[in-house]
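**Q**
Protein chains: 2
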Amino acid sequence: MGDGDQGDRPVVSLSPSAEYTPLDPAELDALRDLGRRWPPAGSRRGDLPLDPALGRFSDRPTASRFNRFAQVRLFRAEAPGELAATERAGRPQSRLGRSLAAVRRVAVGPPLTSAAVVQERMRKLVALPILSSDLISSVAYGPEAMLTILVLAGTGALGLSLPIGAALVVLMLSVGISYRQTIAAYPHGAGSYIVASDNLGARYGLAAGVGLLLDYVLTVAVSVASGIAAVTSALPRLAPLTIPMALVVIAVLLAGNLRGVRASGKLFAAPTYGFLVAIGALLVVGLARAAGRGFTPVPAPHESAMAGIGAVLVLRAFASGATSMTGIEAVSNAVPVFHPPEWRQARTTLSWMIGILVTLFAGLVVFAHIEGVAPSAHETVLSQLARRAFPSGPWYYLVQIATAAILLLAANTSFNDFPRVLYFIARDGYAPRGFLRMGDRLAFRNGITTLAVAAALLVIVFRASTQALIPLYAVGVFLAFTLSQAGMVVHWRRHRTGRWRHSLAINAVGAALSGVVLVTAAATKFLSGAWVVVLAVPLMVLLGMRIRRHYDRVGAALSHRQPTEPAGESPERPDQVRHLYVVPVARLDRAALRTLAYVASLNQPAFAVHISPDDEEDERFRSQWQAWGDHLPLEIIVSPYRAIVPPLAHYLAALHSLRPDLTVTVLLPEVVVPPGWQRLLRTETPRRLRRALRDLPGVVVGSVPMHVTP
Amino acid sequence: MGDGDQGDRPVVSLSPSAEYTPLDPAELDALRDLGRRWPPAGSRRGDLPLDPALGRFSDRPTASRFNRFAQVRLFRAEAPGELAATERAGRPQSRLGRSLAAVRRVAVGPPLTSAAVVQERMRKLVALPILSSDLISSVAYGPEAMLTILVLAGTGALGLSLPIGAALVVLMLSVGISYRQTIAAYPHGAGSYIVASDNLGARYGLAAGVGLLLDYVLTVAVSVASGIAAVTSALPRLAPLTIPMALVVIAVLLAGNLRGVRASGKLFAAPTYGFLVAIGALLVVGLARAAGRGFTPVPAPHESAMAGIGAVLVLRAFASGATSMTGIEAVSNAVPVFHPPEWRQARTTLSWMIGILVTLFAGLVVFAHIEGVAPSAHETVLSQLARRAFPSGPWYYLVQIATAAILLLAANTSFNDFPRVLYFIARDGYAPRGFLRMGDRLAFRNGITTLAVAAALLVIVFRASTQALIPLYAVGVFLAFTLSQAGMVVHWRRHRTGRWRHSLAINAVGAALSGVVLVTAAATKFLSGAWVVVLAVPLMVLLGMRIRRHYDRVGAALSHRQPTEPAGESPERPDQVRHLYVVPVARLDRAALRTLAYVASLNQPAFAVHISPDDEEDERFRSQWQAWGDHLPLEIIVSPYRAIVPPLAHYLAALHSLRPDLTVTVLLPEVVVPPGWQRLLRTETPRRLRRALRDLPGVVVGSVPMHVTP
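Protein sequences, first through last, are from chains A and B. If you read the first sequence in our numbering, its first letter stands for residue 5, the second for the next number, and so on. If you read the second sequence in our numbering, its first letter stands for residue 5, the second for the next number, and so on.
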């Protein structure tokens, strides 16, 4: 077990250049071949009228312009043929763009260079709070979710919480041990997506990844809703503001995460350890009081049964309680961030986390049973327990504050994990490549924003109610657990190193138990919401496969290994290109003349086209053309139905179909006014024409601007 | 009086080529000059590799393509250098565009050629219903608007309707006679905008035009609301559907008018004459009954006074009643559509219309007084009168149907007039040139749609209530009357032909009376809604002046008479153009190679630029470039903050500022996939780059597409 057999697997690291797919060796060979068939170089560095490195070859004096030196100074020469852009060169040019950039800068901070992508390594005591907040915070809603189902069968059924809780503890231990093995086998990162893809194939890996992504969205929604519930339990007057408060919290998380993830260790330690202390104190004080009266359970306030006690109800309660386990996969995703030996430190951290989880979970279930607490719509179970343990003094409020704080951190953890999983999926081509892009703060802007928008939608649709969101939860995460553990079973069968039979058995048990929870959760909560996830997972897997197919086919078409030339496109070697330039002219003004001069200066075959609505205009234009001197051939198309763009597009298509070997370049004269309301007065024709010509093969479209400041 | 002094005024006719501003003689001279300085023609018709008229010069056989002949056949050779596009050539190419075009075709009919713009000439009996529906239909709400104000002072004040009505009749006759003179003086069309512009200057003309435009919007809103009120008076159960019904009617008018205006004569005759017969019968029967009881007025049902009788109330009632005169200007706008002698036929038609208006208006006011009818929220005054005249039988319903029908026609008239006035304003440059554009049905699509949207908004905001809309009415139209009559006073002082003193006196009286109504309406109804119009007119005049200034300055900048060369733009003569081509390359794939081949084939100075997020990618790209053979100079810009578009834009700006005499052409490789969801997966960089480079002078931007069908 260890590092030995990992050489062929991709190292789990994030890089800003992942967006740039490299050419494979076969492609490079084809490219070399192609290059040899090019005619000898036409343009040499010395032939250029200026130095592309922004020095100057030309000794000809040039008109001094106001902003010349400022612009040149935005770049720094690094080596021959290489410039480095300064941070200022990354700012937009337009006034609106600059203002927006300034606002962004205040909100999310100044840009960070690519060199700043250094993985911060963590010790166990620092890693624990960061990685465990998601898992440990789950006890704030998990036990309550279980009790909420049981109370449907009347308060008498609440006693079932003890055996169900015991079963959940067994599940936690089993999944935990299972993950310990995964960490050891995948020291470079043991995320469910990677493990399942690696062993079960892309389709299952994608399913696990989608399950995790949905889970992260739900973690944000549930944690925020639950954190707000901790606040409104203490201050009931805030209850009407639940949804707006939840949306504000998501917006703050969004802004914070767009800033990037630096300095997060210290931030996490206080709330997590605070929560541990608070719940620990609550359990100690509470159980001590209960011991004082001989652990006699207080009967819960009577509520009449709305359903009978049956197997389905018990299974539903079990599945709801299993939401306490969400977040258990955090350590396995993060193995590489530990100090070496990574896998061993990570494994120890995981064991501690499981221990803490089991203690808190079991303690809370037992305490709730002894105190006879029943779930209520107005106050969380944890808040009720805290009120009983600390009937007076500030302690109650401290528990509520710690709960809200750790839930906020848990939501924040998802903001870290969601874009990372999406990055890995996108790197394999199953998600849009935009999710590979690191913003100027080295944060995955697109992934972070997607998560925030999705969570905000969930909060609005489910009115920020934890109980309404719970049925959607657990399905995605247990799907990921099951597939990842099943992947490990396949892994051991393939590799057979060390005590593989023992390891296989442990992972098989983990997979089986997770699978049981998955099926239970999907089946018993199907109608109350799980159907959304059950439907979404296969659809998103399908979409992911379609996206991959798109990238594969585009990649193949753009590959130099492709044997055939695409029909009708501009050719691949300069000596094969035959030009024809076409200039559509609406009015023979200065803008048009500049375009005509541009074209004429190229010494290539060229002519002008004019579209006229009637014969009167036709003749008027022709006489102007002759007055000018008829320097280029002119073709007038009378369009008696007054359409402009479609006839021109059809005409160019007809030209191209007559001579598909020609590369037709359409150059449009374009009058450009400064941004503002006056742009609304300019004609839309160039834009519409560009769009219409976009789909024609072999037609190059450009525009020669003439700038007017009215 | 007559045609004699009209030679220098623009003929009021609509032409699809108005969009194409001709070059004036001085510009033509400058153009001729410029053309002489061009080097001898570079490209001759015979040099082209194919015949632009879509015949073929080249005898080289070409690959046969599926759609070649179909595309070529979309055009018909007319003369050397001239093609005519068929109707099919005007259809969009994309699948979505074709589907939308098919839907439009069903809704508004097939396209019409420009040659179909033939003004239909009308005889008086045909012209009367078409031109009078707006004016005559006003009696359906005018008298009621007057009574609604009077009843505020209690039912006792309703008796004031007789003297106020008499004053209004004097006003109608005076304005009518005034307009008779205008028609004679402006036989080519005597719209307020033209008359006021011509005599008082552009600013006043624009004010008159804006007044008319607002009036047309209100005519649609009021006529539709009033027509629906005629329906709900007869069928009160439909009352809750008032607003949806009004919107449906506006939508039907919109669709009908987008179809164009053909075959309208017959359509108009029946409802207009039907309304005349219906109201005539109502008056005869009603007055006959009243005669039977000796014309003793029936006392109106008592309502307590909400305001005292005072000068303000009387003036408000007068101004409200004056809405009966809206539409009086229709004939003067339409003089050229009459059979010759146009002005004489138009004048006679106007006299008839005034006669009918006065008869109906006076008859209804007297009849309402005798019958003691008070305005009610649930039933129109006209409906109450009809019920008294025809207590049984189908006659009552016929009156209501005729009323609704003529109001619908009146709204339709505005759909004709609004875009026409806007066309004249746009032709003078005070409104966006888009309003000059005739759609494929020869209808002014933009103007028609603007009117429908504005009227629909008014209907929604004012909940389709005629009484709420009335205070906005009348201000705009009396502004137009006043300015047009004042313009005529100036006209007579200038021209002094024939009995000019007599004519001047008549127009002066008309202007004075209209002015009094204008001030009265604006002042007494200011707070109840007229402030909207009082505010909107100057704002829109100001906007119009700003638009004109925009077009003037753009026109001057594009004029060949402009003495100076714009700084940094691509030059105006081919021998002055110095080229530099820059190809931004993200990845050295087939799309990039095609673009590089295109550039290399031009034999102009060229180099490639690559933006790299870090040094690793930088080196990888450089090695690929060398593998290919380093056929063009390469400049790599390391952008450590990962921005792509802004550094590239700044870099090109820096190049341009180093050598402003160069024309820099940026050619982007662009991968194009077919329209659909897959387009969402393509990068936005080319579009963003194009937008960022748009504002740089002297930078030409184009893209070389490579089409992929994934």
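Think of the CB as a built atom: it goes at the ideal place given N, C-alpha and C, for glycine as much as any other residue. All values reported here derive from a predicted model rather than from experimental measurement.
Thinking Ile474(B) and Ala149(B) are a contact (beta carbons under 8 Å), I'd like their distance in whole angstroms, please.
**A** About 5 Å; that satisfies the 8 Å criterion.
**Q** What did DSSP end up calling Asp12(B) once you bin it into helix, strand or coil?
**A** Note on Asp12(B): pLDDT 35, under 50, position unreliable in the model; no value is reported.
**Q** Kindly say whether Val335(B), judged by its beta-carbon, lies nearer than 8 Å to any beta-carbon of chain A.
**A** Not one chain A Cβ lies under 8 Å of Val335(B).
**Q** Identify every run of the alpha helix (DSSP H) within the region 661 to 709 of chain A, keeping only runs that are complete inside it and at least 4 residues long; order them along the chain.
**A** Counting whole runs of 4 or more residues, the region 661 to 709 of chain A contains the alpha helix (DSSP H) stretches 689 to 697.
**Q** If we cut at 8 Å on Cβ distances, does Phe611(B) have a partner in chain A?
**A** Yes, Phe611(B) counts as interfacial toward chain A.
**Q** To the nearest whole angstrom, what separates the beta carbons of Thr524(A) and Phe322(A), a pair I think is in contact under 8 Å?
**A** Contact holds; Cβ gap of about 6 Å.
**Q** Interface residues of chain B around Asp618(A) at Cβ under 9 Å?
**A** Chain B residues near Asp618(A): Ser19, Pro20, Ser21, Thr117, Ser118, Ala119, Val121.
**Q** So Val339(B) and Glu346(B) are supposed to be a Cβ contact under 8 Å. How far apart are they, rounded?
**A** Confirmed, about 5 Å.
**Q** Once the 5 residues before and after Val712(A) are set aside, which same chain residues still bring their CB inside 8 Å of it?
**A** Cβ within range, chain order: Val675, Val676, Val677.
**Q** From the beta carbon of Phe448(A), is the nearest beta carbon of chain B less than 8 Å away?
**A** Cβ-Cβ to chain B under 8 Å: no for Phe448(A).
**Q** Can you give me the start and stop residues for the alpha helix (DSSP H) that Val256(A) sits inside?
**A** Looking at the DSSP string, the run of the alpha helix (DSSP H) that includes Val256(A) is 246 to 263.
**Q** Counting Cβ pairs closer than 8 Å, one from the region 455 to 464 of chain A and one from the region 312 to 319 of chain A, do we hit at least three?
**A** Flag = no, the region 455 to 464 of chain A and the region 312 to 319 of chain A do not touch.
**Q** Have a look at Pro20(B) and Arg441(B) and give me their C-alpha separation to the nearest angstrom.
**A** So the alpha carbons of these two residues sit roughly 7 Å apart.
**Q** Along chain B, in chain order, which residues have C-beta atoms closer than 8 Å to that of Val642(A)?
**A** Within 8 Å Cβ-Cβ: Glu82, Glu86, Leu87, Ala88, Ala89.
**Q** For a contact meaning CB atoms closer than 8 Å, what does Ser707(A) contact in chain B?
**A** Going along chain B in sequence order, the residues near Ser707(A) (Cβ under 8 Å) are Val704, Val705, Gly706.
**Q** Who are the near neighbours of Trp301(B) in its chain, counting only those whose CB is closer than 7 Å to its CB and skipping five residues on each side?
**A** A quick correction: the sequence has Pro, not Trp, at residue 301(B). If we look at Pro301(B) and ignore the five residues flanking it on each side, its Cβ neighbours are His373, Ile374, Gly376.
**Q** By Cβ distance, which residues of its chain are closer than 8 Å to Val603(B), with the 5 residues on each side in sequence left out?
**A** Excluding sequence neighbours, Val603(B) sits near Tyr585, Val587, Ala610, Leu636, Leu671.
**Q** Mind checking Tyr401(B): buried by the 16 CB within 10 Å criterion, or exposed?
**A** When all chains shown are included, Tyr401(B) counts as exposed.
**Q** Use the C-beta contact count for Gln580(A): other C-beta atoms within 10 angstroms, 16 or more gives buried, fewer gives exposed.
**A** Looking at its Cβ environment, which holds fewer than 16 other Cβ atoms inside 10 Å, Gln580(A) is exposed.
**Q** Enumerate in chain order the residues of its own chain whose CB-to-CB distance from Val112(A) is below 6 Å, with the five nearest sequence positions on each side excluded.
**A** Leu262, Arg263, Arg445, listed in sequence order.
**Q** Output yes if chain A places a C-beta closer than 8 Å to the C-beta of Tyr208(B); else output no.
**A** Judged by the 8 Å Cβ criterion, Tyr208(B) is not in contact with chain A.
**Q** Excluding the 5 residues flanking Leu666(A) on each side, which residues of the same chain have their C-beta closer than 8 Å to its C-beta?
**A** Closer than 8 Å at the Cβ level, and outside the excluded window around Leu666(A), lie Arg582, His583, Leu584, Leu659, His660, Gly702.
**Q** Beta carbon of Thr159(A), beta carbon of Glu307(A): below 8 Å?
**A** Yes. Within cutoff.
**Q** How long is the line joining the alpha carbons of Arg64(B) and Asp55(B), rounded to whole angstroms?
**A** Any reading at Arg64(B) must be qualified, since the residue scores a pLDDT of 43, below 50, and its modelled position is unreliable; no value is offered.
**Q** Shortest alpha-carbon distance to Pro344(A) belongs to which of Pro191(A), Phe79(A), Arg626(A)?
**A** Checking every option, the nearest Cα to that of Pro344(A) belongs to Pro191(A).
**Q** Please tell me whether Glu82(B) and Pro115(B) are closer than 8 Å, where the distance is taken between their beta carbons.
**A** The answer is no: Cβ separation not under 8 Å.
**Q** Let me check one thing: in DSSP terms, what residues is Ala590(B) bridge-paired to?
**A** For Ala590(B), which the question treats as bridged, DSSP gives no partner whatsoever.
**Q** Going by DSSP, what residue range makes up the beta strand (DSSP E) through Ser616(B)?
**A** It spans 610 to 616 - the beta strand (DSSP E) in which Ser616(B) sits, taken as one unbroken run.
**Q** Starting from the beta carbon of Ala631(B), find every residue of chain A whose beta carbon is closer than 9 Å, and list them in chain order.
**A** Simply Leu27, Leu32, Asp33, Leu35, Arg36, Gly39.
**Q** For the region 48 to 61 of chain B, list every residue whose C-beta sits within 8 Å of some C-beta in chain A, in sequence order.
**A** Residues Arg48, Arg49, Asp51, Leu52, Pro53, Leu54, Pro56, Ala57, Leu58, Arg60.
**Q** Does any residue of chain B have a CB that is nearer than 8 Å to the CB of Asp432(A)?
**A** Not closer than 8 Å to any Cβ of chain B, the Cβ of Asp432(A) fails to qualify, so no.
**Q** Using the Cα positions of Leu166(A) and Ile405(A), report the straight-line distance between them to the nearest angstrom.
**A** Spanning the two alpha carbons is a distance of roughly 28 Å.
**Q** Going by beta-carbon coordinates alone, are Leu258(B) and Ile551(B) separated by less than 8 Å?
**A** Going by C-beta atoms, Leu258(B) is not nearer than 8 Å to Ile551(B).
**Q** Tyr24(B) versus chain A: which residues are under 9 Å apart at the beta carbon?
**A** Residues of chain A passing the Cβ test: Ala590, Arg591, Ser616, Pro617, Glu621, Arg624, Phe625.
**Q** In its own chain, which residues sit with a C-beta less than 8 Å from the C-beta of Asp618(A), not counting the 5 before and 5 after it?
**A** Taken in chain order, the residues that qualify are Val642, Pro644.
**Q** Taking the alpha carbon of Val173(B) as the reference point, which residue from Gly359(B), Leu546(B), Ile134(B) has its own alpha carbon closest?
**A** Taking only the C-alpha atoms, the option nearest Val173(B) is Gly359(B).
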